[in-house]
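Engineer: Here it is, the structure in full.
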Amino acid sequence: MRAGVAAEFETADALLHAVKGMREAGYDDLDAFTPYPIEGLDEALALRRSPLNWIVFPLGMSAAAAAFGLMWFCNAYSYPINVGGRPGFAIPAFVPITFETAVLASSLIAFVLLWALCRLPALTHPLFGVEGFDRASLDRFWLVVGTRDVKLLLEYTPKDLEKLGALRVTSFGDVSNGHISP
Amino acid sequence: MNSADEPVFIGHPTDAALTDQILDPVWAPKSRAWMPAFVFTGLGSLGLFALVFWTFWTGIGLWGSSIPVAWAFAITSFVWWIGIGHAGTFISAILLLFEQRWRTSINRFAEAMTLFAVVQAGIYPLIHLGRPWFFYWLAPYPATMKVWPNFKSALPWDMAAVSTYLMVSVLFWYMGLVPDLATARDRAPSRLRRTLYGIFALGWRGSARHQRHYRMAYGLLAGLATPLVLSVHSIVSCDFAITILPGWHSTIFPPYFVAGAIFSGFCMVVTLMVPIRRLYGLQNVITLKHLDNVCKMILATGLIVGYSYFCEFYLAYYSGDIYEQGTMFHSLTQATNSWTFWYTIFTNVVLVQAFWFRSVRQSPIIAFILTLFINAGMWTERFSLIVLSQQRDFLTSSWHAYHPTFVDWGILFGTLCFFAFLFLVFLRCVPFIALTELKELNRKMAKEAT
Amino acid sequence: MSADEDGRVSNDNGLVRLRRPSPEVASPWRSLDERDQTATYLASIGDDLGEATEPPSATSRRTFLQFLGASMSLAGLDGCARKQPAQILPYSITPDGAIPGVPREYATAMTLDGFATGLLVRSSEGRPTKVEGNPDHPTSRGKTTLLQQASLLQLYDPDRMRGVENRGRPSSWEALLALLCKDRSDAGAGLRILAEPTASPTFQRLLGLVASRHPGSKNTFWSAMPVLANTLAGAQLALGKRLQPRLDFARADVILTLDADFLTSMEDQLVYSRDWAARRRVASPGQAMSRLYTVECALSPTGTMADHRLARRSAEILQVARAIAAQLPTIAPELRGAVELDPAAARFAAAVARDLARCAPGSSLVVVGERQPPWLHALGWAMNAALGNLRTTAQAEDPVLLEGSQDLPALVHDMQAGAVDTLIILDGNPVYSTPPELGLEAAMDQVRERIYCADYHNETASRCTWVAPRAHYLESWGDGRAYDGTVSIVQPLIEALHGARPPIELLGALAGLSAPHAHALVRATHPASDWDAALQRGVVNDTTSPLVAITFGGAAAIAAALGTTIAPSPHVLELDFYLSPTVHDGRFTNNPWLLEQPEPTTKLTWENAALVAPALAKRLGLANEDVVELVCNGRALSVPVFISPGQADDAVALWLGYGRSGAESIASKRGVNAASLRTRSTLAFAPDARLRKLGLAQSLASMQTQRTMLGRPIALASTKAGYEANPGFTSEHKGEVASLMKPVPFEGLQWAMSIDLGLCTGCSSCMVACQAENNIPVVGKAEVEKNREMHWLRIDTYFTGEVDNPGVIHQPMMCQHCETAPCEYVCPVNATVHSPDGLNEMVYNRCVGTRFCSNNCPYKVRRFNWFDWNKRVAANQGSYQLAHNPEVTVRERGVMEKCSYCVQRIRGAEITAQIAHRMLAPGEVRSACQQACPTGAIEFGSLSHVESTMVKWRQEPRSYAVLNDQGTRPRTMYLARIDNPNPELA
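So the protein lines, in turn, are chains A, B and C. For the first sequence, position 78 matches number 120 in the numbering used here, and the numbering has no gaps at all. For the second sequence, position 72 matches number 74 in the numbering used here, and the numbering has no gaps at all. For the third sequence, position 63 matches number 880 in the numbering used here, and the numbering has no gaps at all.
Spelled out as structure tokens, the structure:
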């Protein structure tokens, strides 16, 4: 989320409590920023499980198949030749490279995919401008309400957050389309 | 199960305090020993490059190898380094899957150790070629004359395994590093460092939405790395097991090599862990509990290795194959260079028994010294296995004793320096303890305490 | 070979060969100076070819003239040849009928120790590149010794003398010949000729001319080891006439050799080997074979083949011989009478005597070696006479060698007395090889003109006023006589590289001829004979010397002579001198091939050593490489020790030919000069030597360190009786081995080899032949010590039985061309793969040098280029490279190599057959080792030729495959050695 209202909390528990509170209050475009993973946060934020593994698996398998096919092509099809009286299409001998290729391909794909799903690398981000946000990687816990949240009201939302124990609340990014009171 | 009273983490520091403790060594050298060590190992590395260049220039005749002993120091050291490289991934991947808490404080530098060990190992197969400038012929590149590699040979397997291992280790290591780099970015004292860490942190913000992908990917890599660890040394062992040479031609090599690898790897972990713990005052983070567990691993794998030795001899005796018996009962035990075999037995079978005692497991100094011996013992094991078998094969007429040259020794010493050099650089550049995970663990334990 | 549009043809070594220029087409040039050169070629060749290009009369004449054209066309080039030998490579004009790239063979002959052996020499584009035996020649029969094989490299030795010098300053042949041609006032009284032993008719004729022109002149023949001197003297004693024995091993059932290594170091060894082998091949169980008893001091190849061998000091052999003779029932009464011997020797003597006596008259043979004194030779004749061999196995003929008019001591005496003003030394190296006590070196100062015609600036050259380069037999005309008298013409294949000329031209000048030319001199010697046929066949018809009817009548004289001899006292150290099996008397000590050639029994290379028996070593606390001081005849020598099982106790053996101090770059400072310990009376062995351990060590390069098989089934052997009792004793070492993989089917020609271990004498001729054929580099002593020698074919020699009197078995070992080759499947880059005709191919271009193949080769026959030997080792460089076989790749650094079954010969033959639209005939392809092997122990061919000897051999019960149980399915099969021991001695 490129813009919204960010609130700083002292502890992970405070954050969790706040997240629950905000959800009950009906906010749904929420994200939390923490120095380390917090148990129960995903559930609190109602985040879905990552689809990453389902993408990696088929790709890794096809890479393995390709490797096996290549070895078959080289030794059994393109240039079959008598090597020590052994068969050109030697399945047991092809297993190691097939396996290694599967591992290598899967790892590379997983690595690339991870950053793709996270939209990273992104060296700049409006949140980095928020004062005190640098401690999000140290010992502070931030809760952010995105502008896509219909309940986001620049008058009330900060108050809701402060009620839930936020140390401070600031808006960031372009909140011009942030909803104003009727 | 917990034979040590010590927890895997002492005290409940605040996140800030903990962060500073881990990051301090990165901002400023905490030990006066660092710079001299850096210079010495740097020079040693230069020496390595010089010798490698000389070998490229004139040919591997500079080494002591001959017919029948065509593989000697280079392959011995290759296998040894690869073996050392196994502990890192074992710790970070397998212990992760088993949710072992004692993994947290040591996995980062264990992985780095793996990385640098594999780099050393990677040097050898290349320089030991007769015509190294054609190394790429082992890969199926689109050759105009349709000359493809022979995938029945173990060497292409080897190349695939080692390069895969190096690649995956790098990815795994870097992925784990990203959140810590973000922390370093936000704590960096100077603008330059801030920018550098910022770049490598890729703009990581610790978003919960990112972290769910992150955990998945990290777990996935762990899942992939686990069989990989077991496969790599199995494949390396095939360089020997697929031959018909007595002493090499053996079906128990894969498990035997893997056990030996993890064995030597954990020894190297202790060898590195004890000084780091002391020099950087990390007694609260790397506790005797860690030492105790690692030593238990050493004992366990050591016993497997010892058992493998026994199997080798028993099989030779039971097979009735005169060549196998000749190798096992004479070439190995009573030929030139046989002292390496006996030294191996001393360290890997006798010395390792000391780890039955908790007092030994939990005394950093003793454990440190023991592992030094065992590291050497693992090298001599590879040596006696590779060289002694070749010295005396089938036809007695071709028997010949192997004698290394100073180039052989020089290159071995050089890789040791290069390894240490890389490790020293690593200590000064990135948090060598998984900070984020440590903080997570800190919170978990604090919760349990209350 | 590729021709580009402007008609330039470039050959393998990148040199440009010009097509024969036709008037209308201007020949293209690569560079200006090349044009000038070519201009000079054409100019110089123009007149030379006048003869060569005239219409040929007969085919024979044609071939000869073509050859002449070739060498003459090279003549135009020899101007640059001196500066840069490589430039004589290309023809400037291709001689008639010569197809570029197709080698041609010419018949010639090599003379060694006075006797000529007929050879066929291969010429590739004008370079002699390989020596083979001449099948038409009676003492070669198509076979060669290792020295003949290696003589090729002598031609290209960069250390050879480069031109005539007078007192260190460059001079000319004209000047030298003019000097020799001058009339003398003293009727030649001050003129002496010191030459190597020779039987050359031209030499003889010219000596006659010299004698008639200078009646007072005298000539002397000398060689490091006397040739036939004792033998002829023995014949004089026994038969009343100086005769040389003509032995027939093919008709001998029982052979007794007394210090006679007839297989590798007697004059007629090639014939002896072949005849002996004919009676040792056991085609089937129960077939009769001869029995060989050997009494000798140091272990010789003959000793290794003996069924029973008695090792005694050379001086004791006489006693053993007397004991045997005395027990022959039919021996002359004068020679009866008990001789006291140690129990072992007595038992041996008794058994041998009985065995000899058992033979049918005329079917046994007693051979005595030249090292033994005349009376032992005479005793040998006595025994042969008693056994009725004089008309069958042991006959005689008139000596072939020329007799000198003065012996060496007399010559030296004259020199010391100042009676000699001109000494002409023709070849040999007397200053090095004569016993110091003679004082030849000092005496030379008394001679005004000392003229020396030889190959090198050696010890003798440094003492002479004139030195002149002697022409190699491949670059000069000459002739010689074989042991049986047969005359051969020596015809050159190449213009002399360094302006060298043969000694006969010096004699010609002495005889008063103004401009003697070897060709004319030789031609004039053989006016009657059909010259061209002689050149073609390599022998002059009807020149074989006839047998002389002999009767034994010297019993009394022998008894008298024997009476004067005294048995050597026990435990007195004897020092034995032998010609080196590899470098001979020192003339080959600058030959890298021979220096790196492992000596047949010790496998030592590059140096000589003091060989001692294990028992003696134990008594004196000696180990290999301990340096000892040998004191003998008042002179001392420090030399490293090497323990040689099978040698007589109380004897130290030394090879001559080492310890050279001449200017030869490779020979100098290799080993020690054993000749310096000799005296006139102790040329072969000296009693009463003393040995002192110095406490130093000096490394020796032996190519085989483990000398026993440790009970492994590697080189199998059995006895005649054992073979009959159990013909299938090798059955478990051949045949199918259970395998999960189905064998690859092989059709058509399938190359394979069969080797009969019963016939391999370890003579090593095959090794040098292989080295010459396949451009195998030498690596030097230091690398040999690291086990990095490159020989594709090695001979493993194993000792069996007890260490003091061991059995010995030789096993040629080269790539076995396994059908399921372990080396192939481990090669990551397919650099070693299998050909459809069953060859294990090594693809040098593809090899990256992982050496995995060598690790997985159970025979360890693969060789690795640890360095770029051809650039790093001087002995492979420069003009030596002219000896390279253009059909075989020169290998680069970092690649593996090994025996290829001489694949270049196979493909060559296939191409020939294809052009002729016919199938390849059995026996058409011969590997280099097979062609050279004097006993014919190696058979090569295709499995599809079921009638061929090779296939028949492997079907014999005693055939087996080495390490068959490893499932490698080797294509090379061995035939277990069969010995024929005497049950009495078993």
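We treat Cβ as the ideally placed atom computed from N, Cα and C, and that holds for glycine. Predicted model only: the values in this text are computed from it and were never measured.
Which residues in the same chain as T1418(C) place their Cβ atom closer than 6 Å to its Cβ, once the five residues preceding and following it in sequence are excluded?
Structural biologist: So the list reads L1116, once near-sequence residues are dropped.
Engineer: Roughly how many angstroms separate the alpha carbons of Y228(A) and F131(A), rounded to a whole number?
Structural biologist: In the structure as shown, chain A begins at 43 and stops at 224. Residue 228(A) is therefore absent and cannot be evaluated.
Engineer: Does DSSP classify E450(B) as helix, strand or coil?
Structural biologist: DSSP places E450(B) in helix when its eight states are reduced to three.
Engineer: Taking the beta carbon of N1854(C) as the centre, do at least 16 other beta carbons fall within 10 Å, making it buried, or is it exposed?
Structural biologist: Look at the range of chain C in this structure, 818 to 1803, and you will see that residue 1854(C) is not part of it.
Engineer: State the CB to CB distance for the pair A1055(C) and F1369(C), rounded to an integer number of angstroms; the pair is presumed to be in contact (CB under 8 Å).
Structural biologist: Their Cβ separation, rounded to whole angstroms, is 6 Å, which keeps A1055(C) and F1369(C) in contact under 8 Å.
Engineer: So the candidates are S209(B), I93(B) and P27(B); which of them puts its Cα closest to the Cα of C1(B)?
Structural biologist: Nothing in the structure corresponds to residue 1(B), since chain B is present only between 3 and 452.
Engineer: Closest to F51(B) by C-alpha separation, out of R445(B), T407(B), R430(B) and G412(B), would be which residue?
Structural biologist: For F51(B), the nearest C-alpha among the options comes from G412(B).
Engineer: What would DSSP say about G82(A), mapped onto helix, strand or coil?
Structural biologist: Coil.
Engineer: With 16 other CB atoms within 10 Å as the buried threshold, where does G950(C) fall?
Structural biologist: The residue is buried, with at least 16 neighbouring Cβ atoms inside 10 Å.
Engineer: Would you mind telling me which residues of chain C sit closer than 8 Å to F137(B), beta carbon to beta carbon, in chain order?
Structural biologist: V1665, listed in chain order.
Engineer: In whole angstroms, what separates the C-alpha of R1743(C) from that of E1641(C)?
Structural biologist: When rounded, the distance between both Cα atoms is 25 Å.
Engineer: Keeping to the same chain, check which residues put their C-beta closer than 7 Å to that of V1690(C); ignore five residues upstream and five downstream.
Structural biologist: Taken in chain order, the residues that qualify are P1594, V1595, V1596 and G1597.
Engineer: Would you kindly work out how many angstroms separate the C-alpha atoms of H1428(C) and D1393(C), rounded to a whole number?
Structural biologist: Correcting the residue type first, residue 1428(C) is Leu in the shown sequence and not His. Cα-Cα distance, rounded: 9 Å.
Engineer: Using CA coordinates, which residue listed in V272(B), F396(B), C431(B) and T342(B) is at the minimum distance from I368(B)?
Structural biologist: The option with the nearest alpha carbon to I368(B) is V272(B).
Engineer: Below 8 Å between beta carbons: does that hold for G1179(C) and S1040(C)?
Structural biologist: No, they are not a contact pair.
Engineer: Using beta-carbon positions only, say whether L33(B) and L426(B) come within less than 8 Å of one another.
Structural biologist: According to the sequence provided, residue 33(B) is Ser. The question's Leu does not apply to it. No; because the gap between Cβ atoms is not below 8 Å, this pair is not in contact.
Engineer: Which partner residues of H1401(C) appear in the DSSP bridge assignment?
Structural biologist: According to DSSP, which records beta bridges pairwise, H1401(C) is partnered with S1397(C).
Engineer: I'd like to know if the segment 1761–1772 of chain C and the segment 1509–1528 of chain C are in contact, where contact means that at least 3 CB-CB pairs between them fall below 8 Å.
Structural biologist: Segments in contact, no.
Engineer: Taking CB distances under 8 Å as the criterion, tell me whether V1646(C) reaches chain B.
Structural biologist: Interface residue, yes.
Engineer: My output table needs one value for P1032(C): the three-state DSSP class, helix, strand or coil.
Structural biologist: P1032(C): coil per DSSP, three-state reduction.
Engineer: Under 8 Å between the Cβ atoms of G126(A) and T1667(C)?
Structural biologist: In this structure, T1667(C) does not lie closer than 8 Å to G126(A) by Cβ.
Engineer: Assuming I288(B) contacts M275(B) under a Cβ cut-off of 8 Å, what Cβ separation, rounded to an integer in Å, is found between them?
Structural biologist: I288(B) to M275(B), Cβ: 6 Å. Contact.
Engineer: Taking 8 Å as the CB-CB limit, is D176(A) close to chain B?
Structural biologist: D176(A) counts as touching chain B.
Engineer: When the cut-off is 8 Å and only beta carbons count, does I1367(C) lie next to chain B?
Structural biologist: No, I1367(C) does not count as interfacial toward chain B.
Engineer: For H777(C) and chain A, any beta-carbon pair shorter than 8 Å?
Structural biologist: Limits of chain C in this structure are 818 at one end and 1803 at the other, which puts residue 777(C) out of reach.
Engineer: Go ahead and pull the three-state DSSP assignment for F214(A).
Structural biologist: It is a strand residue.
Engineer: What separation, rounded to the nearest whole angstrom, lies between the Cα atoms of R1108(C) and M1200(C)?
Structural biologist: If I take the Cα positions, the gap works out to 17 Å.
Engineer: Compute the Euclidean distance between the alpha carbons of G171(B) and M177(B), then round it to the nearest angstrom.
Structural biologist: The displayed chain sequence assigns Ser, not Gly, to residue 171(B). Cα-Cα distance, rounded: 10 Å.
Engineer: Quick one: what's got a C-beta closer than 8 Å to V61(A)'s C-beta in the same chain, skipping five residues either side?
Structural biologist: Hits under 8 Å: L72, A74, L83, A86, L87 and L185.
Engineer: Quick check on the burial criterion: 16 or more other C-beta atoms within 10 angstroms. Buried or exposed for M147(B)?
Structural biologist: Classification of M147(B): exposed, given that the 10 Å Cβ count is below 16.
Engineer: Answer with yes or no whether the minimum CB distance from P100(A) to chain B is below 8 Å.
Structural biologist: No - not a single Cβ of chain B is within 8 Å of the one on P100(A).
Engineer: For E439(B), tell me which candidate among Y198(A), K201(A), L57(A) and P79(A) has the shortest Cα-Cα distance.
Structural biologist: Per the Cα distances, P79(A).
Engineer: So, are the CB atoms of L94(A) and M218(B) less than 8 Å apart?
Structural biologist: A contact, by the Cβ cut-off of 8 Å.
Engineer: Taking only beta-carbon positions, decide if S68(B) is within less than 8 Å of chain C.
Structural biologist: Chain C contact via Cβ: present.
Engineer: Pull up the distance between the alpha-carbon of Q392(B) and that of N1673(C), whole angstroms please.
Structural biologist: Roughly 10 Å between the two C-alpha positions.
Engineer: When DSSP labels each residue in this structure, what does I123(A) get in the three-state scheme?
Structural biologist: If DSSP states are grouped into helix, strand and coil, I123(A) belongs with coil.
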